[in-house]
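Notes for the one structure printed next.
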Amino acid sequence: LRSVNPIKKLNSEISVYVTKKQNEIEELKKMEQFRREFLADVSHELKTPIFAAQGFIHTLIDGAKEDPKTLDRFLNRAAKSIDGLDALVRDLVTLSQVEKGDLKMHFEQIDLKHITEEIFEQLETKAEKRGVNLKIKPKTLEKAFVKADKQRITQVLTNLVENAIKYGKDQGKIIVEIEEDKKHFHISVEDDGPGIPPEHLSRIFERFYRVDKSRSRDTGGTGLGLAIVKHILNAHNSKITVTSKIDKGTTFKFKLAKIIESSDEKLVDGE
Ligand code: ADP
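Here the sequence shown is numbered in UniProt numbering, starting from 85 and rising by one per residue.
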């Protein structure tokens with residue numbers, strides 16, 4: 085039997101320890117960098133609507149209010165900026181909760197078909213304004229029971245359908261398709277809009293990433309929607325994927341664990 089050289093053993097232990105500590109330091113540096121960038125992004129995003137509202141209100145105070153048409157126009161623009169600020173703060177709170185894992189999920193039996201119909205009803209006016217047609221497929225689908233958090237999955241689907249309306253084309257068509265296999269329902273939200281250029285595709289789930297900044301702000305976007313969607317689906321053991329073709333359209337897909345129908349309504353775990 086060969087005895088282990090104690091010096092060699094100690095050396096290798098020290099080297100493992102040093103590598104571990106170096107990795108920890110790298111990790112901390114990355115987190116610090118991330119935190120700094122996030123703070124800079126948030127300050128910038130908050131400043132934009134605040135400056136805009138300030139500008140409109142001060143111009144009115146300085147005399148523009150005397151003209152009733154200007155008064156009306158500037159008040160409406162100031163209100164739009166404040167609404168944007170409100171949406172941003174709400175999304176920031178949700179994002180920070182989902183990222184920290186603080187968001188309590190209430191998993192229950194929900195029917196995806198019913199939820200989609202409710203969302204279509206809610207978004208009807210927005211869709212009509214652009215002449216967009218909303219459809220659920222297949223027509224024969226009756227119920228699609230999954231185990232999920234109703235409020236959060238509603239938020240996910242609302243976001244995807246709303247984006248499809250916002251970034252799709254006038255007189256376009258949006259299809260929510262719900263397909264099933266043994267354990268899951270696969271949901272896709274498809275539009276026939278201008279699509280997303282390939283170089284942007286992998287980045288759209290990052291917070292504050294927008295392909296077209298002015299269009300996103302104009303339509304009330306916070307740039308946080310898809311980041312929130314990704315985290316919510318993550319908490320459901322699911323992943324979102326996107327495919328897009330220029331001038332043909334964009335499709336977002338994810339899956340949710342099914343509820344196997346039996347006498348005791350057993351829940352099937354995701355993944
Ligand atoms: P926003 O608040 O800007 O809508 P999101 O996180 O929801 O933020 O989306 C990020 C960006 O991805 C959008 O600004 C838009 O450029 C792009 N995008 C999202 N959905 C679509 C779509 N269906 N078609 C084309 N572009 C899209």
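We put the beta carbon where it would ideally sit given N, CA and C, even for glycine. Keep in mind that this is a model prediction, so the values were computed, not measured.
* **First through last residue of the alpha helix (DSSP H) which encompasses residue 257** => Numbered from 1 along the sequence shown, position 173 holds the residue referred to as residue 257. Run containing residue 257: none in the alpha helix (DSSP H); it sits in the beta strand (DSSP E), 257-264.
* To do: Spatial neighbours of residue 275 within its chain, please: CB distance less than 7 Å, with the 5 preceding and 5 following residues excluded, ordered by chain position.
  => Within the sequence shown, the letter at position 191 stands for residue 275. Cβ neighbours of residue 275 beyond the five flanking positions: 248, 252, 256, 258, 333, 334.
* To do: Could you have a look at residue 319 and say whether DSSP puts it in helix, strand or coil?
  => Position 235 of the sequence shown, counted from the first residue, corresponds to residue 319. Of the three classes helix, strand and coil, the one that applies to residue 319 here is coil, per DSSP.
* **Check whether residue 165 and residue 148 have beta carbons under 8 Å apart** => For the purposes of this step, residue 165 is taken as the residue at position 81 of the sequence shown. For the purposes of this step, residue 148 is taken as the residue at position 64 of the sequence shown. Cβ atoms of residue 165 and residue 148: not closer than 8 Å.
* Touch check for the stretch 181-200 and the stretch 312-320: three-plus C-beta pairs under 8 Å? -> yes
* **Residue interval of the alpha helix (DSSP H) (run including residue 286)** => Numbered from its first residue, the sequence shown carries residue 286 at position 202. Element bounds for residue 286: n/a, residue is neither H nor E.
* Asked: Helix, strand or coil: which one does DSSP assign to residue 218?
  -> Within the sequence shown, the letter at position 134 stands for residue 218. In the structure shown, residue 218 sits in a strand (DSSP, three-state: E or B).
* Return the first residue and the last residue of the beta strand (DSSP E) that residue 329 is part of. => Numbered from 1 along the sequence shown, position 245 holds the residue referred to as residue 329. Per DSSP, residue 329 belongs to the beta strand (DSSP E) from 325-329.
* Asked: What's the C-alpha gap between residue 300 and residue 308?
  -> Position 216 of the sequence shown, counted from the start, is the residue given in the question as residue 300. Position 224 of the sequence shown, counted from the start, is the residue given in the question as residue 308. C-alpha separation (whole angstroms): 11 Å.
* Asked: Does the distance from the C-beta atom of residue 331 to that of residue 278 stay below 8 Å?
  -> The residue labelled residue 331 in the question sits at position 247 within the sequence shown. The residue labelled residue 278 in the question sits at position 194 within the sequence shown. Yes, they are a contact pair.
* What does residue 356 pair with, by DSSP beta-bridge criteria? -> Residue coverage of the chain in this structure runs from 85 to 355, which leaves residue 356 outside it and unanswerable.
* Asked: Are the beta-carbon atoms belonging to residue 336 and residue 323 less than 8 Å from one another?
  -> In the sequence shown, counting from the first residue as 1, residue 336 sits at position 252. In the sequence shown, counting from the first residue as 1, residue 323 sits at position 239. Going by C-beta atoms, residue 336 is not nearer than 8 Å to residue 323.
* Counting only the same chain and skipping the five closest in sequence on each side, list residues whose C-beta sits under 6 Å from that of residue 210. => Walking along the sequence shown from the start, residue 210 turns up at place 126. Hits under 6 Å: 249.
* Asked: Which residues in the same chain as residue 158 place their Cβ atom closer than 7 Å to its Cβ, once the five residues preceding and following it in sequence are excluded?
  -> Here the question's residue 158 lines up with position 74 in the sequence shown. Contacts found: 140, 143, 144, 148.
* Own chain residues within Cβ distance below 6 Å of residue 254, not counting five before or after -> As a first step, residue 254 is located in the sequence shown; it is residue number 170 there, counting from the start. Only 214, 215 meet the Cβ criterion.
* Can you check DSSP and say which residues form a bridge with residue 100? => Residue numbering aside, residue 100 sits at position 16 when the sequence shown is read from its first letter. Per DSSP, none; premise fails for residue 100.
* Using the DSSP secondary-structure output, state which residues sit across from residue 229 in a beta bridge. => Taking the sequence shown and counting its residues from 1, the one referred to as residue 229 is at position 145. BP columns for residue 229 point to 195.
* To do: Please work out which residues of its chain come closer than 6 Å, Cβ to Cβ, to residue 234, disregarding the five sequence neighbours upstream and downstream, and give them in chain order.
  => Residue mapping note: residue 234 aligns to position 150 of the sequence shown, counting from 1. Closer than 6 Å at Cβ, skipping near neighbours: 194.
* If you compare alpha carbons, which of 344, 197, 192 is closest to residue 371? -> Lying before the first or after the last residue shown, residue 371 is absent from the chain, which here runs from 85 to 355.
* **Between the CA atoms of residue 344 and residue 297 - distance to the nearest angstrom** => Here residue 297 refers to the residue found at position 213 when the sequence shown is read from its first residue. Here residue 344 refers to the residue found at position 260 when the sequence shown is read from its first residue. Each residue's Cα considered, the two are about 44 Å apart.
* Asked: Quick one: Cα of residue 354 to Cα of residue 160, how far?
  -> Working through the sequence shown from its first residue, we reach residue 354 at position 270. Working through the sequence shown from its first residue, we reach residue 160 at position 76. Residue placement at residue 354 is poorly supported in this model, since its pLDDT is 44, which falls under 50; the coordinates are not used for a value here.
* Asked: Taking the alpha carbon of residue 239 as the point to measure from, which residue in 223, 212, 206, 217 has its own alpha carbon closest?
  -> On the sequence shown, position 155 is the one that residue 239 refers to. Here the closest residue by C-alpha is 206.
* To do: Pick out whichever of 304, 176, 295 has its Cα sitting closest to the Cα of residue 126.
  => Counted from its first residue, the sequence shown places residue 126 at position 42. Residue 126 has its Cα closest to that of 176, out of 304, 176, 295.
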